[in-house]
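Visitor: For the sequence shown, the positions run 140 to 253 when the numbering used here is used. All residues carry an ideal CB built from backbone N, CA and C; glycine is no exception. Attaching a single structure in structure tokens format; questions to follow.
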Amino acid sequence: MTISMYAASAPVFVQGLKGLAIVLDKAEAYAKARKIDESVLLQARIFPDMFPFVRQCQLVTDNAKGAVARLAGETPPSYEDTETSIEALKARVAKTIAFVESFKPDQIDGSEER
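Here's what the structure looks like:
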């Protein structure tokens, strides 16, 4: 049994991005419930040498849109990394999901030969 490049990429990225959207919803609810400035959460690091949470979210979306676009032989869109709120990050994730979902299997399948 073989798996297509589309099946191994686009749906996997969408699933991960939807998971990230849920994490962002929970972070937003946590900040509101505890009356924490959400910028504190966005700049949080689990370990000192890690990127802050906001940068990690930006990288996740960059990787998803970049991989799918390149597999389809297209140039990925460029997003400015200016998000300063959870709502802005949620919008970035939603925009990336829509971009990834815009590709059809025939645009990506066969890319393993390129």
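Going along the chain, which residues of its own chain have a beta-carbon closer than 7 Å to the beta-carbon of LYS229, five neighbours each way excluded?
Guide: Excluding positions up to five away in sequence, the list reads ALA160, LEU163.
Visitor: Exposed or buried, what is ARG231 when buried is set at 16 or more other beta-carbons lying within 10 Å of its beta-carbon?
Guide: Buried.
Visitor: When the Cβ atoms of the segment 171–190 are set against those of the segment 208–217, are three or more pairs found closer than 8 Å?
Guide: Not touching, per the Cβ criterion.
Visitor: Please determine whether the Cβ atom of GLU213 lies at a distance below 7 Å from any heavy atom of the ligand MG.
Guide: What this structure holds is no ligand at all, so the ligand MG is not there to describe.
Visitor: Can you tell me which of the three DSSP states GLU252 falls into?
Guide: Helix.
Visitor: If distances are taken between C-alpha atoms only, which option among THR223, ALA206, MET144 comes closest to THR235?
Guide: The residue with the shortest Cα to Cα distance from THR235 is ALA206.
Visitor: Output needed for LEU198: all residues of its chain with C-beta closer than 8 Å, excluding positions within five of it in sequence on either side, in chain order.
Guide: For LEU198, where only same-chain residues beyond five positions count, the Cβ hits under 8 Å are PHE190.
Visitor: Throw me the rounded Cβ distance for the TYR169 and ILE247 pair, which I believe falls under 8 Å.
Guide: The pair is not a contact, with the Cβ atoms about 37 Å apart (cut-off 8 Å).
Visitor: Looking only at its own chain, which residues have a Cβ that is under 6 Å from the Cβ of ARG184, when we skip the five neighbours before and after it?
Guide: Within the same chain, ARG184 has close Cβ partners PRO191.
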